[in-house]
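Notes for the one structure printed next.
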Amino acid sequence: MKILDARLLLVTDPRPDLVARVRAALRGGVDIVQLRYKGTQKEDLISSAEELKDACGRSGALFTVNDDVELARLVGADGVHLGEDDAPTPHARSILGPDVVVGRSAGGVPEALEAVRGGADYLGVGAVYATPTKPEGEVAGLTLIRALAREDLPVPWFAIGGVTLETAPSVAAAGAPGFAVVRAVLDAEDPEKAARELRSLLE
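Each residue of the sequence shown is one higher than the one before, starting from 1 at the first, in this note's numbering.
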């Protein structure tokens with residue numbers, strides 16, 4: 001998978017059947033799996049990371065780690081996703097190597113442009129809608145998606161925050177070239193079908 005071709009990014013959350021659900025989502029067309037975790041024991045975390053990396057490798061998808069450059073290095077991840085306040089992109093590359101994929105979060109157009117200038121390979125943009133995953137986060141709405149779509153960025157970007165099967169058509173119509181999702185796929189009765197339906201909106 002080349003990062004420029006990526007359209008659907010799956011962000012994980014801790015759950016007992018995570019690996020099985022991610023495997024199903026990969027069959028449905030997920031291009032990037034981003035391991036995000038809170039309160040997970042280190043040993044369990046490394047084990048999950050290795051299983052997810054293997055699943056991504058078998059599917060031709062990319063595997064990235066959220067916020068943790070050291071874990072990404074330890075498990076040989078394809079990349080790392082960093083927030084606006086995290087380490088600079090060049091610092092991550094100095095640890096992980098020049099070929100690693102580095103994604104950045106952006107809550108507005110200025111932040112997105114700054115991240116691209118800083119060398120980001122892709123962006124997670126939003127939050128578009130309110131979401132239980134980050135209830136304290138600011139909501140940017142479709143206005144941000146429309147504004148960023150006019151910028152014609154040279155890197156792929158993914159609308160994140162409350163993107164579901166119900167809201168995704170509006171997000172795509174606003175100009176988002178990609179979706180980043182959590183519950184829309186992982187909470188679905190059929191993660192493979194949910195991923196495939198989301199992916200179809202972007203083609």
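C-beta: ideal position from N, C-alpha, C; glycine also.
If you're wondering where the values come from, they're calculated on a predicted model, not measured in any experiment.
Considering only DSSP beta bridges, list what residue i is partnered with.
{"i": "R104", "result": "L82 and L123"}
{"i": "V65", "result": "L35 and V80"}
{"i": "V181", "result": "L10"}
Compute the Euclidean distance between the alpha carbons of residue i and residue j, then round it to the nearest angstrom.
{"i": "F158", "j": "A174", "result": "12 Å"}
{"i": "L120", "j": "D17", "result": "For the sequence presented, residue 120 should be read as Ala rather than Leu. Going from the Cα of A120 to the Cα of D17 covers about 31 Å."}
{"i": "L165", "j": "V109", "result": "25 Å"}
{"i": "K53", "j": "V19", "result": "10 Å"}
{"i": "T89", "j": "G178", "result": "21 Å"}
{"i": "A77", "j": "E70", "result": "10 Å"}
{"i": "G79", "j": "R15", "result": "22 Å"}
{"i": "P169", "j": "I46", "result": "36 Å"}
{"i": "P156", "j": "K2", "result": "11 Å"}
{"i": "D13", "j": "R36", "result": "6 Å"}
{"i": "G126", "j": "R117", "result": "19 Å"}
{"i": "R73", "j": "G97", "result": "9 Å"}
{"i": "A107", "j": "A195", "result": "Position check: residue 107 holds Gly in this sequence, whereas Ala was assumed. Computed Cα separation, rounded: 24 Å."}
{"i": "P211", "j": "R7", "result": "It is not possible to answer for residue 211, since the shown part of the chain is limited to 1 through 203."}
{"i": "E203", "j": "A176", "result": "12 Å"}
{"i": "L201", "j": "I145", "result": "16 Å"}
{"i": "K38", "j": "T131", "result": "17 Å"}
{"i": "G83", "j": "D67", "result": "7 Å"}
For the alpha helix (DSSP H) containing residue i, list its first residue and its last residue.
{"i": "A112", "result": "V109 to R117"}
{"i": "T89", "result": "T89 to L96"}
{"i": "A130", "result": "Unbroken run through A130: none, as it is neither H nor E."}
{"i": "A171", "result": "As written in the sequence, residue 171 is Val, which differs from the Ala given in the question. Start and end: A168 to A173."}
{"i": "D54", "result": "K42 to S59"}
{"i": "T206", "result": "Residue 206 lies beyond the residue range present for the chain, which begins at 1 and ends at 203; the question has no answer from this structure."}
{"i": "K2", "result": "Unbroken run through K2: none, as it is neither H nor E."}
{"i": "E192", "result": "P191 to S200"}
{"i": "A25", "result": "L18 to R27"}
What do you reckon, are the CB atoms on residue i and residue j nearer than 7 Å?
{"i": "V254", "j": "E50", "result": "Nothing in the structure corresponds to residue 254, since the chain is present only between 1 and 203."}
{"i": "V163", "j": "V171", "result": "yes"}
{"i": "E81", "j": "T64", "result": "Checking the displayed sequence, the identity of residue 81 turns out to be His instead of Glu. The answer is yes: Cβ separation under 7 Å."}
{"i": "G161", "j": "Y122", "result": "no"}
{"i": "R23", "j": "A55", "result": "yes"}
{"i": "A87", "j": "G124", "result": "no"}
{"i": "S59", "j": "L9", "result": "no"}
Name the two residues that bound the continuous beta strand (DSSP E) containing residue i.
{"i": "I160", "result": "W157 to I160"}
Can you find at least 3 beta carbon pairs, one from the region 91-103 and one from the region 138-149, that sit closer than 8 Å? no
Do the region 111-119 and the region 32-45 make contact, defined as three or more Cβ pairs closer than 8 Å? no
Three Cβ pairs or more, each shorter than 8 Å: is that satisfied between the region 182-197 and the region 145-158? no
Pair every Cβ in the region 17-33 with every Cβ in the region 189-200, then say whether three or more of these pairs are closer than 8 Å. yes
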